[in-house]
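Worksheet: the structure to be examined is printed underneath.
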Amino acid sequence: MIVEKLKLTAELSEQEYKRVEEVVEKLRKKFPNVMVKEYKTQKKLTFLDVELAGRLNFDVILGKRKDYFVSVEMEGTKAKYAFQIMKVLLDEAGINYSLTLDGKEVYDSLRKKLKESTLLEFL
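So the number in my numbering is just where the residue sits in the sequence shown, counting from 1, plus 3.
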């Protein structure tokens, strides 16, 4: 199984947002190929051809809608690295987080639905 597109978002307090913003600025200074687009509610930094684990392209989005947030977005077969990029941003900013990817309740519900329809057809 391959993850081909991934967007992770963390909601932040104003203080956490400022700390993440500082970390992102440090990253921006470390890499030469960064495009910045500023919108009304957010700022999108696109890191192009970054030499990390091979060459990576990814976006970091900082903004405020209802609450402050940071997002990491990646496309392609290397999208799995978005988790690690987000973890670095939050760790460097000193933010506690929990990464829950369970979704077991959906799996169980789908399995139950499949079994129900199979039993009805069998009878």
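Don't be surprised by glycine CBs; every beta carbon is placed ideally from N, CA and C.
{"Query": "Alpha-carbon to alpha-carbon, L104 and M4", "Result": "16 Å"}
{"Query": "Spatially closest choice to L9 from A82, K46, V53, D62, by CA coordinates", "Result": "A82"}
{"Query": "Nearest-angstrom Cα separation, counted from D52 out to F34", "Result": "9 Å"}
{"Query": "Those residues which DSSP pairs with L9 across a bridge", "Result": "M77"}
{"Query": "Where L104 sits in the DSSP three-state scheme", "Result": "coil"}
{"Query": "With 16 other Cβ atoms within 10 Å as the buried cut-off, status of D70", "Result": "exposed"}
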